[in-house]
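2 protein chains.
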Amino acid sequence: MTIVITAFELSPDGGMGLARDTRVRWALEEVGRPYEVRLVSLQAKNEPAHLRLHPFGLIPTYEEGDLALFETGAIIFHIAEHHAGLFPDDANARARAITWMFAALNTVEPPILDLVTARFAEGDKPWAEERLPLVKDRIRDRLVQLSARLGDADWLDGAFSAGDLMMVSVLLRLRPSGLLDEFPKLAAYVARGEARPAYERAFAAQWAINAGNPQAG
Amino acid sequence: MTIVITAFELSPDGGMGLARDTRVRWALEEVGRPYEVRLVSLQAKNEPAHLRLHPFGLIPTYEEGDLALFETGAIIFHIAEHHAGLFPDDANARARAITWMFAALNTVEPPILDLVTARFAEGDKPWAEERLPLVKDRIRDRLVQLSARLGDADWLDGAFSAGDLMMVSVLLRLRPSGLLDEFPKLAAYVARGEARPAYERAFAAQWAINAGNPQAG
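Protein chains in written order, with this note's numbering: chain A, 88 to 304; chain B, 88 to 304.
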């Protein structure tokens, strides 16, 4: 069955690969599954047709036959569950890979999203400059812990898994801030993720759509 | 095999049931699985013994034989996968239940966590009062969408699932703010969750530990 995902017609990041369709593209590339993309305009995202697919008016969504999913974590879980390559065979190792997916999305990403909010939604507020160090320190707290756990390993728990795919994707959001470079082990971890051929193909595919969008930067 | 979870010795919420061990207790009660609790002090949470179990120094953790997990979402997923009662049998419905788990944790909870940060970590900052309405409006944006999707249904997608358990748990964090009461359908949804005997048992179990902690409120 054909897999169809959605992506924004104009990603606000101008092709940096930070829109979440990149995460799903990467997962599909890792498992070698072709897919089609339907682009959604910033206007259409809050219209009934898209809201039926994604109640929060976001991307990506995932359609395959009569299955329709939203939420990147759930989509990547579904891909990993149905194709070899993103979950280990051992049951306990698989449970730990799922743990890292949730850790990326619920423990590491929220303070990072707060930085995005601070810079973009509140960048013009009178408190913006004074508040920024607090926001960054909350991210640093998590990165210290994550770096300590990763140590000198290549990936978070043995072989590369959907947990690494998600964690690398979450950390990539930090690159523009310079925060990632404060943690050399994590920066190298992210670079290992980006060097995977599947990531390179996913990045190129979104770049072909988004490169040079006026909001880049 | 015995299941052992961790919880804070003194939950900062004084027994309101908002610490995340309540979510895991609730899941275990729904599937009828007994468990033991090991209490972790606020000092011990960042010591090596606990960090080996939970790299971010949080609770809950989950141990069962030689399996050790952290991250509430992953723990509840594991419980739902291995016991009847939290995932539907139909494969597509199961994938949608997993979608709601991720939506609760990655789309609905982050702006709610931001409110917790605004009130507690930044409550004494000069911008606290002026910034609060922005934080609340970001939550309202999500609740409008969630309420529209829920409509007049009892649960998010057919029968009660782990997706509802997680969404109700996330929304419960809003009760002290009064925001939940602005959305009667969501308030009724949360009340339906709280009325489940399994939730009541989970709440009572954490209450027995936390009631009357000095930081309550």
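Where is the CB? At the ideal position from N, CA and C, for every residue including glycine.
These numbers were taken from a predicted model, which means no experiment stands behind them.
Q: Report yes or no: is there a C-beta of chain B within less than 9 Å of the C-beta of N193 of chain A?
A: yes
Q. Do you know offhand how far N297 of chain A's Cα is from T109 of chain A's?
A. 11 Å
**Q.** Status (buried if at least 16 other CB within 10 Å, exposed otherwise) for M253 of chain A
**A.** buried
Q.
Please classify F95 of chain B as buried or exposed, where buried requires at least 16 other C-beta atoms within 10 Å of its C-beta.
A. buried
Q) Quick one: which chain A residues come within Cβ less than 7 Å of A94 of chain B? A) Residues of chain A passing the Cβ test: none, with the nearest at roughly 17 Å.
Q: Give, in chain order, every unbroken run of the alpha helix (DSSP H) that is at least 4 residues long and sits entirely within the segment 194-260 of chain B.
A: 196-203, 215-237 and 249-259
Q) In chain B, which residues lie with their C-beta within 8 Å of the C-beta of F157 of chain A? A) T186 and A190
Q | Expected contact under 8 Å - CB spacing of F157 of chain B and H141 of chain B to nearest Å | A | The Cβ separation is near 4 Å, so the contact holds.
(Q) Tell me which residues of the segment 203-232 of chain B have at least one Cβ-Cβ distance to chain A shorter than 8 Å, keeping chain order. (A) T204, A208, E209, K212, P213, W214, E217, R218, L221, R225, R229 and Q232
**Q.** Outcome for S317 of chain A when other beta-carbon atoms lying within 10 angstroms are tallied against a minimum of 16
**A.** With chain A running from 88 to 304 in the structure shown, residue 317 of chain A is simply not present.
Q) Which residues bound the beta strand (DSSP E) around A171 of chain A? A) Run containing A171 of chain A: none; DSSP gives neither H nor E here.
Q) How many Å lie between E209 of chain B and A106 of chain A at the Cα? A) 29 Å
Q: Drop a sphere of 10 angstroms on the beta-carbon of R218 of chain A, count the other beta-carbons inside from all chains shown, and report buried for 16 or more, exposed for fewer.
A: buried
Q: Report all residues from its chain with a CB closer than 8 Å to the CB of V127 of chain B; omit the five preceding and five following residues, and keep chain order.
A: T93, A94, F95, E96, H137 and I146
Q. Just the Cα atoms here: how many angstroms apart are G304 of chain B and S264 of chain B?
A. With a pLDDT of only 39 at G304 of chain B, under 50, the local geometry of the prediction cannot be trusted, and the value read off the model is given with reservation. About 11 Å.
Q. Is there at least one Cβ from chain B nearer than 9 Å to D241 of chain A's Cβ?
A. no
Q) Is P198 of chain A near R181 of chain A, with beta carbons less than 9 Å apart? A) no
Q) So is G172 of chain B in contact with chain A if we call contact Cβ pairs under 9 Å? A) no
Q) How is E269 of chain B classed by DSSP in three states: helix, strand or coil? A) helix
Q) Considering only residues of the same chain and omitting the five flanking positions on each side of A246 of chain B, which have a CB-CB separation below 8 Å? A) P175
(Q) Considering only their Cβ atoms, is the gap separating V111 of chain B from I185 of chain B smaller than 9 Å? (A) no
Q) Would DSSP call G304 of chain A helix, strand or coil? A) For G304 of chain A, the predicted structure reports a pLDDT of 39, less than 50, and the residue's modelled location is therefore unreliable. The matter cannot be settled from this model.
Q) Are V91 of chain B and L173 of chain B touching if we call contact CB-CB under 9 Å? A) Cβ atoms of V91 of chain B and L173 of chain B: not closer than 9 Å.
Q. Just checking my contact of V222 of chain B with R260 of chain B at CB under 8 Å: how many whole Å lie between their CB atoms?
A. Rounded, the Cβ-Cβ distance is 13 Å, inconsistent with contact.
Q: May I have the straight-line CA-CA distance separating S98 of chain B from W294 of chain B, to the nearest angstrom?
A: S98 of chain B and W294 of chain B have their C-alpha atoms some 10 Å from each other.
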